[in-house]
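Just so we're aligned: the sequence shown equals residues 1 to 367 in UniProt numbering.
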Amino acid sequence: MNEIIGFIFNQYVGFGGIFSFFFALIQILKGRTLKNFILFLIFFSMGIILIKGLVLLNGFGFSYSHFFSFENFFIFLIGPSLFIYFNLLLLNEKVNLRILLPHYIPTVLFLIGYTIDTIFIISENRPLNDLNEKFESRYDLIYRAATIITIVYFSVILAKFVELFKENISEYPWSKHIISILSIGLTGVIITLLNNFRFLFSLYEIFIPLYFLCLSILTFTVLYAFVISQVYPITFNIVSETFQKMSYQKSTLQNVDSDDLVNRLETLMLQDKVYLEVGITLNRLAEKLNIKSHQLSELLNNNLNKSFFTYVNQFRIEEAKVLLLSEKESSVIKIAFDSGFNSLSVFNTVFKKEVGMTPSQFRKIHS
């Protein structure tokens, strides 16, 4: 029975680790934006942590276990990366990186210290085995510090989201998925911390079961995040728009000619076709109109009763409908990118919602 459970666990966590690398690669392939790069760092780090845990629990690499401690670099990396990513998400690129980048100082300090330590070990021909029979290492104190820092970041981000959406979950049902992902991830990190302080609670005998549980939870977190990104592909895109909508409740468009703004906005869309620009955002479109992003968001919601992404995507869909019929040799994915979308799944989701059928069905019916 234990062998069966062990086999299932290995397959599950192994899949989670490999899938984390795959998901990280997808972020880079989506486009070279700061958001995508930060997501790459997060999921690549998760992959390293899962694969390292799997190797350790299967008894491999003990002779070179010093290198297991490099995992701390990725643990230090996750917290600040999540913090910066969700700041980008909420503030829609209006983030002062000079203020946020110092969050990586512990990561850099560890990298420097670990590199120096490794050089000394190798130059002095000291053994690279750094684990005893209780899975204790010279880097245990660093593990505890890295885990505590990660918990702090998770807690701050989770508290921010709960504060933002606690009274609006019914209006924004997708917000519960973000809160769930953060909560599950935080649970896994807390279990890791408990394992790191096992000497205080006499938990040596259940170190391995706790490690199993932690890796299983982290794997589930990765898979959950991926599923949500596919089932609700525009979830993360509309977080910024929602935050802007909630923020401008204290602001107005007083002393601004709303009708003139709407006309200028339509000119940008119909004549300049700014919706085709790669990475067009609420902030960039507002700059073209010489207004603040929260003013544009308010204009769209109050005057046109639409969110930014709904407004932009309606022009992209009209463009796609024309291309689907005029460029019959072009693939659907090419049409998606040519009409301004950067994801086939988002294109299919939005198209079906607006038109009532998939792009392929639309082309077939009208050909």
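C-beta: ideal position from N, C-alpha, C; glycine also.
query                                                                                                                                                                    : result
Can you tell me whether LYS353 is buried or exposed? The criterion is at least 16 other CB atoms within 10 Å of its CB, across all chains shown.                         : exposed
Quick one: Cα of GLU205 to Cα of CYS214, how far?                                                                                                                        : 16 Å
Helix, strand or coil: which one does DSSP assign to PHE60?                                                                                                              : coil
Give the single residue among ILE208, LEU218 and ILE149 whose Cα lies nearest to the Cα of PHE43.                                                                        : LEU218
By DSSP, does ILE291 sit in helix, in strand, or in coil?                                                                                                                : coil
Tell whether a beta-carbon distance below 8 Å holds between SER343 and VAL13.                                                                                            : no
Taking C-alpha atoms, which residue in GLU319, GLN271, SER297 and SER345 lies nearest to ASN230?                                                                         : Before going on, a small fix: residue 230 reads as Gln here, not Asn. Of the candidates GLU319, GLN271, SER297 and SER345, the one whose C-alpha sits nearest the C-alpha of GLN230 is SER345.
Considering only residues of the same chain and omitting the five flanking positions on each side of PHE207, which have a CB-CB separation below 7 Å?                    : PHE135, ASN195 and ARG198
Kindly give me the distance between the Cβ atoms of THR107 and PHE60, rounded to whole angstroms, as I take these residues to be in contact under 8 Å.                   : With a Cβ gap of about 26 Å, THR107 and PHE60 do not count as contacting.
Within a Cβ cutoff of 8 Å, which residues of the same chain sit near PHE362, ignoring the five residues on either side of it in sequence?                                : LYS321, LEU324, PHE351 and VAL355
Counting Cβ pairs closer than 8 Å, one from the stretch 333-343 and one from the stretch 296-307, do we hit at least three?                                              : no
For ALA146, which of TYR104, PRO209 and GLU133 has the nearest alpha-carbon?                                                                                             : TYR104
Assign PRO80 to one of two classes, buried (16 or more other C-beta atoms within 10 Å of its C-beta) or exposed (fewer than that).                                       : buried
Please return the same chain residues whose Cβ sits closer than 7 Å to the Cβ of GLU71, not counting the five positions on each side in sequence.                        : ILE48, ILE49 and LYS52
With a CB to CB cut of under 6 Å and the five nearest residues on each side skipped, what residues in its chain are close to HIS66?                                      : LEU128 and ASP130
With the cut-off set at 8 Å, would you say residue 373 and ILE184 are in Cβ contact?                                                                                     : What the structure shows of the chain is the stretch from 1 to 367, and residue 373 is not part of that stretch, so it cannot be assessed.
Hey, LYS160 and LEU88 are a contact pair by Cβ (cut 8 Å); roughly how many whole angstroms apart?                                                                        : No, LYS160 and LEU88 are not in contact; Cβ-Cβ is about 13 Å, not under 8 Å.
Nearest CA to the CA of PHE74: which residue from ASN96, TYR64 and TYR114?                                                                                               : TYR114
State buried or exposed for SER123, treating a residue as buried only when at least 16 other CB atoms are found within 10 Å of its CB.                                   : exposed
Using the Cβ count rule (16 or more neighbours within 10 Å means buried), how would you classify MET1?                                                                   : Bear in mind that the predicted position of MET1 carries a pLDDT of just 48, short of 50, making it too unreliable to give a figure here.
Tell me whether GLU329 sits in a helix, a strand or coil according to DSSP, three-state version.                                                                         : coil
So, at 8 Å on beta carbons, what are the nonlocal neighbours of VAL262 in its own chain, with the 5 sequence-adjacent residues on each side left out?                    : LEU299, ASN303 and LEU304
Please list, in chain order, all residues of the same chain as residue 399 whose beta carbon is under 7 Å from its beta carbon, the five residues on each side excluded. : Summary: the structure shown does not reach residue 399, with the chain confined to residues 1 through 367, and so no result is reported for it.
Please report the straight-line C-alpha distance between TYR139 and THR33, rounded to a whole angstrom.                                                                  : 34 Å
Return helix, strand or coil for LEU128, following the three-state DSSP convention.                                                                                      : coil
To which residues of the same chain is THR187 closer than 7 Å at the C-beta, ignoring the five residues directly before and after it?                                    : ILE217
For the alpha helix (DSSP H) containing SER20, list its first residue and its last residue.                                                                              : 2-30
Out of LEU296, GLN295, ILE26 and ASP338, which one is the CA nearest neighbour of ARG316?                                                                                : ASP338
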